[in-house]
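Counting with UniProt numbering, you get residues 1 to 764 for the letters of the sequence shown. All C-beta atoms in this analysis are idealised placements derived from N, C-alpha and C, irrespective of residue type, glycine included. For clarity, every value in this text was computed on a predicted model and none was experimentally measured. Before any comments, here is the structure.
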Amino acid sequence: MDDAQQRPAQSSKRSVTKSNGRGIPLLRSCERCRRRKQRCDGDQPACGRCAGQRAECKYRQSGRFRKRYPTTNKRASAIEAATTLSGMSTAITTPAIMFQVPELSPSSPMFLGSRAETTISPESRCMSSLINDGTMPMLGLIDPVEILKTRDLPDLTQGLPDGILQRMWALQQPSAAANSDCALPDLAPNLGLLDPHNSAFIAGSPQHKVPAALVSVAQRYGLPSGVERLLAMLRTSFVDSGMKIRTRQFWATLEAGRIGDFAVLAHLAIAIREANLTQGSVGLPEMEAACYAAARREWECGRVEPSTSAVFALLLLSEYGYQTGRPVVMSEFADHAISTAQHIVFRGAAYPWHSAPIKGACDIEREHLLACFWSAWVRVFTAAQVLGRTAPLPSDTCSFPAFPTHDMCHYTAQPVAGETLGAVLFPIHSECRHSAHGAYSAATWQCALLGAEMHNLWVSVSAGKKTRASYFVALRAWDRRLRLWRAAWPQEWMTQMTRIARLAQRVPHSEPLLLDAEWLADLGSESTSSTPLLPPTPDTRPVGAHLFHESRISAADAWLAVVFVMYDMTRLRAHRVALDMTGSQEDPLASAIAEHSSRAETLDAARGVQNVLDAVQRLGFPPERMGIWIVFVLEQAIDIHCTCIFQSADPLAQADALQRLAALLRHLLALKHWTAALYIFAALVKRHVEPSWLLSTQAASNVPLWNTATSPWPPTHVLTLLMRAMRMDPRQFCAYTMPVVYASVMSTPVMPQSMRMRIASLLS
C-alpha cells in the first residue's frame, strides 16, 4: 500500500520538475540519431558519439534508422552530408568569387554553402539545386534511372566517412611519369645558405640527400611515417605542377640540400593531404595535421627569414587553409606571404625594388623575385574574394613592382635573398631566348589585376554603397580597357595559338595521345616555343623531370593556353555579374542594353574557353593541370550554353550549343576534382529532368547517333541528346548524378569487400 502511494507521488514530482520553469536541464534525444539521451537546455544537440565524429553514428547509418524515420532529411543535414562527401569543413557559408591565378598543384574541391539570393558565385546555379529541402524520399532503389524518374535526387551520402569516395573513385590516376626514377645530378651547394640541421647530409651522394633530409625532419618533428612514403607522396602530389616555379624551386633546393624545415613541412602538409584524399591510408590525417601544426609553429617562432622559398611555403599553407575550408587561415598566410615578400632586400634595394640594378638583358634573379611577389598578391586577392572583401589595388603604378617580362628563364635563377632556385630542368643559358613582353604568367597576373576592379565594384554594389546602374557604366569602360590590353598582346602569341589549334585538329578524337611522324615533324620544324624538349631516355632526364606529363605541347604552349582561358574567364565573370543585375527598375533601358551586351559577351567567352580546352586536351594537356579554378570556369561556361540552347530558335545554333555543352561536360567529368564535378553534373540533370525540355526534330537530327533507347526521356529531350553528343550510355549518364550510386554501378574487383557491403547497406 505504501509503495502504491509512493509511485504516484514520484511521478507527479517528476512532472513538476519538468515544468517548473526553473531552468533545470531537460533530457532530449539526439537530433541526429534520436536514440541516446543527454542533458541540454531546451535544444536538441547531437549526442556525444555523433558530436565527436564528422560522420554520423552507426545507428544513423543503419537501415533501421531510415526505416523508422524515412523523411528526416533536412536542409542542414543535406549541407552537412554534401560537405562530408567532399571532405571539407562546414565552416564556409559564403560563396567564393574566384578570379584566381592558376594553381597547378592538385587540390581538393571545397564545398561552399549555397545562398539563394546571390547568383553570381561559381556554385550558385548548379550546386544550390542539390540542397535537400526535406521533400526528398529515402528510396531503396539502386537503379539510377528509376530514381531520376521521380525528379528527386535522394540524399544517399549519410554515413560516408570523410573523402571515402575520393579515395575509391579518382577518375584520373596519377601520371606514370610520377614513378619515374630519374637520376639526380650533384648540384654544387652554397654552404652559407644551409639549414644547420640539414648541413650534415650535404656530403652524401645526390641519391641519399633527399631521404636523409626527410629522415631528419621526420625525426625532429615526430612525423609518423617512413621516408620512402614521404618521398612518394611528395612526388605524387606535385606531379601536375610542372609549370609552377615554386615546385621547381622546392625540388632543386631539396635535392641540393639548400632547404629549411619550414619549406619542407609546408610542402609535406599539402602532399599528405593529397595522399589522404586519393589513397585513404591509415594515419595520414594525423600526419597531415602534425605537418601543418609544425609548419605553423616554425613560422610563429620567428626563425623563418624573408626569402622567395619562404614566400612560396607560406602560399602553400594558404592553399592548405583553402583546401580544408578555412578561409581565415587562407587569408592569414596570404597576408604573411606578401608581407614576407615586401621585406626581401634585393641588391641593396627595398620593396618595390625599383632602384635595384638590372644585370643584362635577361636578369633571371629579378624576374624570379617579381614572379614571387605577384604570386603572393594574387593569393591575397583570392582570399579577399573568398571572404567577400575588397581587393588591395595599387594607388598608382609606382607603388607596386613591375611585372616580369620573361618566363622560362627564371627557372634557372641564381640565389635570391637567402635561397636559390638552381639549375632545375635546363642548363643556364648565356642569354634569354624570350622576347620582351612575352611573359605568359605576367599576363595572367595583369588579367587578375583588371578583374579586381570589377570585383571591388561588385562588393560595393552588394553592400549598397553603389547602384547597379553605376556597375553597368563602369563595365562598358572596363570592356574598352580589357580590349586594348588584349590588342597589345604579342603577335607571336596569335601565331603560336593558331599552330596549337591546327595541330590539335590533326589528332584523332578517339586516340588523343597517339603520336605520328607527321606531327613530330611539325613540332620540330614549326615550334616557336623556347622550351627544350625533354631527353627521350630516362637515364638522361634532369632533376625534376618527374614533374612533367608526357604531352605534345611544351610548357610555353600550356602557359599560353592558360592566358587565353584566363582572359575569357575574366570577361565571363564580369558580364555574368551584370546579367544577374539586369531587370532593375532603376533604369529599364540601361538594364536591357546591358543584358543584351552581356549575353553576347558571355556566350563568346564560353565558346573561347571551350575551344582552347578542346585543343590542349587533344594534345595531351588535361584542363585539370590548370588548377582547381578550372572547375568554376567550366561551371559558368556550362550554364551559359544551357541557357543558349533554349534561347535560340535556330536549330543549327541549338545543335552547336548542345555539342559545345557535351564537350564541356566531358572535360568536367575528367577532372580529379570530381566531387564538385559530380555536383555540377547532377544539378544540370536535375535542372532539365522535366519531360518538357524538348528540342525540335531538326535540331536533334544534327546530333550524332548513339544508342539511347533506354533513356528515361523522349528521343528529342535535351538530356537524351546530351547522351548522344557525349556518347554515353543512359545508365552511366544517370549514375554520374549520384556519387554513391555511381560507386555501386561502376564497382570493380579492386573495390574492398567491406566497402562494397557498406555501400550496399547505404542503398538498402
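Asked	Found
Is DSSP giving PHE262 helix, strand or coil here?	helix
Give the secondary structure of ALA349 by DSSP, where H, G and I count as helix, E and B as strand, and everything else as coil.	strand
Among VAL378, ILE272, ILE270, PHE262, which one has its Cα closest to the Cα of ALA294?	PHE262
Determine the extent of the alpha helix (DSSP H) in which LEU484 is found, giving its start and end residues.	468 to 487
Please list, in chain order, all residues of the same chain as ALA615 whose beta carbon is under 7 Å from its beta carbon, the five residues on each side excluded.	ILE500, ALA501, ALA504
Report, in whole angstroms, the separation of the C-beta atoms of LEU684 and TYR736, which I expect to be a contact under 8 Å.	The Cβ separation is near 10 Å, so there is no contact.
Cutting at 8 Å between CB atoms, please list the residues of its own chain near GLN446, excluding the five before and the five after it.	PHE403, TRP485
Flag this pair as yes or no: are the beta carbons of GLY620 and ASP568 separated by less than 8 Å?	no
CA-CA distance, LEU523 and GLU492?	Since pLDDT at LEU523 reaches only 37, below the 50 mark, its modelled position is unreliable, and the value read off the structure follows with that caveat. The straight-line gap from Cα to Cα measures roughly 16 Å.
Measure the C-alpha to C-alpha separation of MET626 and TRP458 and round it to an integer number of angstroms.	26 Å
Just to confirm, are THR444 and VAL563 a CB contact at a threshold of 8 Å?	yes
Check each candidate in PRO352, PHE346, ALA350, ALA371 and name the one with the smallest Cα separation from LYS359.	PHE346
In angstroms with no decimal places, state the Cα-to-Cα distance between GLU228 and PRO211.	7 Å
On a CA-only basis, which of ALA384, ARG296, THR570, VAL311 is nearest HIS343? Give me that one, please.	VAL311
Who are the near neighbours of PRO623 in its chain, counting only those whose CB is closer than 6 Å to its CB and skipping five residues on each side?	LEU613, ILE630, HIS667
Check this for me: beta carbons of VAL689 and ALA725, under 8 Å apart or not?	no
Would SER591 and THR602 be called neighbours here (beta carbons separated by less than 8 Å)?	no
How about TYR320: is its Cβ closer than 7 Å to a heavy atom in the ligand NAP?	Of the ligands one can find in the structure shown there are none, so the ligand NAP has no counterpart to examine.
Considering only C-alpha positions, which residue in the set THR390, PRO712, ALA361 is nearest to THR405?	ALA361
Quick one, which of PRO588, GLN610, ASP580, ASN611 has its alpha-carbon nearest ARG599's?	ASP580
Helix, strand or coil for HIS354? Go by DSSP, reduced to three states.	coil
For LEU695, which residues in the same chain have their Cβ closer than 7 Å to its Cβ, ignoring the five residues on either side in sequence?	GLN654, THR716, VAL718, LEU721
State the start and end residues of the unbroken alpha helix (DSSP H) segment that holds ARG499.	491 to 506
Between the C-alpha atoms of ALA313 and ALA677, what's the straight-line distance to the nearest angstrom?	29 Å
What three-state label does DSSP hand LEU613 in the structure shown?	helix
Using C-beta distances below 8 Å, list every residue in its chain close to SER399, excluding the 5 sequence neighbours before and after it, in chain order.	PRO352
At which residues does the alpha helix (DSSP H) containing GLU305 begin and terminate?	Segment: none, GLU305 is in no alpha helix (DSSP H) and carries neither H nor E.
Compare the beta carbon distance of GLU286 and PRO224 with 8 Å and say whether it is the shorter of the two.	yes
What residue range does the alpha helix (DSSP H) around VAL461 cover?	440 to 462
Determine the contact status of TRP478 and GLU453, defining contact as a CB-CB distance below 8 Å.	yes
Determine the contact status of LEU664 and ILE645, defining contact as a CB-CB distance below 8 Å.	no
Can you tell me whether LEU234 is helix, strand or coil according to DSSP?	helix
Any idea what DSSP makes of LEU694, helix, strand or coil?	strand
Under DSSP, the alpha helix (DSSP H) around HIS641 begins and ends at which residues?	629 to 647
Please name the residue in ALA657, ILE270, ARG483 whose C-alpha comes closest to that of SER318.	ILE270
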